[in-house]
Amino acid sequence: MPRRRQIIAISAFGLAAAVDASHNKYDDLSEVVVRFRGFEGEVETELHDWDGRYADGLSVGTDIMVTFDPQDPSRVLTSRWVADPPLVTTPMLVVAVCGFPFVVLPWFVMVRRRRLLRARARIMAE
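The opening position of the sequence shown corresponds to residue 1 in my numbering, with each subsequent residue numbered one higher.
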């Protein structure tokens, strides 16, 4: 994952307006379309989310600062999330919880086996 200063160095900033928004069955935002002025002209594209969530306070007609890729203006995030992304996301939690048995358990088995082998070697040496 690129560092924050790398993202900022290859990005451009602009003021965008939310022109359309749709909600899922839980009444959470599922898509936000923004319009802003890019280097090549006006761009209307879907605002990228962070872990399936959008920044608070987004609704149709809202003006927001966005950060976009000048070479591909359809890649756009709110500037606030570029500067200060959420600390923990759902995919990170799922990987941490599901990955635990695959990382910690083998390590525990390896340490336990080494101790048993060392204990056996000491008994055999006596």
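Ideal Cβ placement from N, Cα and C applies to all residues, glycine included.
V88, enclosing beta strand (DSSP E) - first and last residue: First-last for V88: undefined, no H or E at that position.
For G99, three-class secondary structure by DSSP: G99: helix per DSSP, three-state reduction.
Rounded separation between D27 and L116 - CA only: The straight-line gap from Cα to Cα measures roughly 56 Å.
Three-state class that DSSP yields for L47 in the structure shown: L47: coil per DSSP, three-state reduction.
DSSP-derived helix/strand/coil call for V34: Looking at V34 - three-state DSSP - the assignment turns out to be strand.
Among R120, V32 and L15, nearest to H23 - alpha-carbon criterion: Looking at the Cα atoms, V32 is the closest of the given residues.
Host beta strand (DSSP E) of V60 (start-end): Note, V60: premise wrong, no beta strand (DSSP E); not H, not E.
Cα-Cα separation, D49 to S30: One C-alpha to the other measures close to 9 Å.
Burial state of I64 (16 or more Cβ within 10 Å): It is buried - the Cβ of I64 has at least 16 other Cβ atoms within 10 Å.
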